[in-house]
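Accompanying notes for the structure given below.
In the working numbering, the protein residues as written are 769 to 1088.
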């Protein structure tokens, strides 16, 4: 009975033993194959690196081609591709010349459109300074502002209204001078009959005559001494740098004289109203509240704005 059981157990275990043996041998076989694969890969890498690291003979550089020179007296650009943006030319003697050519004159000797546009933009940028220093704008605006203050109305009319009125009155006064400048300087220059310097001289002559007619000799002498210059022989020798500030000083002086004359009637009204209020014992009542309606009434009855504007225009006609 025991022999039969032992024999049966051996028969049953005999198929399992080869599998166990095979399972124990498989890891070693895989390790061997992996080691062999790593060895083959290392040999291949060493072989490839050796092939790539082999020295290569460098190629010899080619000699540069000589530029072709001009065949005549003129210039000829060298053949080949340039370096973009270089406008140099190769002359016959081997030297390079470059530059930018600006055509100031257009057809028939007239200025080009670009120059006319540039001059127009420049004139617009300096127009406010020219308007203040070389026209009647300063005098007219100061007189109108002092008239407003004499009425005790510091903000009526507003500054924009006074500036606009002074601007158009200045254009009215300066209309003959502007017309003369356009006829004698601007149009001949645009037609090509005068160059730029000649146009400037021709255009400044009427403006210079206008300023000299309304400038006192004392103010010219003052600015001449301030500049430490010799006394000019006649009016034509007075430089513009001396004439312009002298003209402005004379205009301010004339404007303050007119403003003083305008202030007198309104000052009389203020004195009368103040004396009447003091006599009635109304010391707490501001005199301006009572005198302001009378000032406005007097100014309207005598047509104050018309008188002042007419006086300003006539002052420039008499000086001319």
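Glycine included, every Cβ here is placed at the ideal spot set by N, Cα and C.
State the DSSP-derived secondary structure class of residue i, mapped to helix, strand or coil.
i            : result
residue 1025 : helix
residue 927  : helix
residue 842  : In this prediction, residue 842 scores a pLDDT of 45, lower than 50, which makes its location untrustworthy; the coordinate-derived value is nonetheless stated afterwards. Note: residue 842 maps to coil in three-state DSSP.
residue 827  : coil
residue 802  : helix
residue 1084 : helix
residue 921  : coil
residue 833  : coil
residue 960  : coil
residue 950  : helix
residue 1000 : coil
residue 1007 : coil
residue 820  : At residue 820 the pLDDT is 47, less than 50, meaning the model places this residue with poor confidence and gives no usable figure here.
For the alpha helix (DSSP H) holding residue i, just list the boundary residues, first then last.
i           : result
residue 976 : 964-981
residue 993 : 985-994
residue 913 : 905-918
Report the residue ranges of all alpha helix (DSSP H) runs contained in full by the segment 1025-1071; include only those spanning at least 4 residues, in chain order. 1055-1069
Is it true that the segment 979-988 meets the segment 1013-1024, where meeting means three or more beta-carbon pairs spaced less than 8 Å apart? yes
Within 8 Å, do at least three Cβ pairs link the segment 991-1000 to the segment 1019-1033? no
Could you tell me whether the segment 917-925 touches the segment 1055-1072, using the rule of 3 or more Cβ pairs below 8 Å? yes
Could you tell me whether the segment 929-942 touches the segment 897-907, using the rule of 3 or more Cβ pairs below 8 Å? yes
At least three beta-carbon pairs within less than 8 Å, the segment 1074-1081 to the segment 909-919: yes
Using 8 Å as the Cβ pair cut-off and three pairs as the minimum, do the segment 942-950 and the segment 966-975 touch? yes
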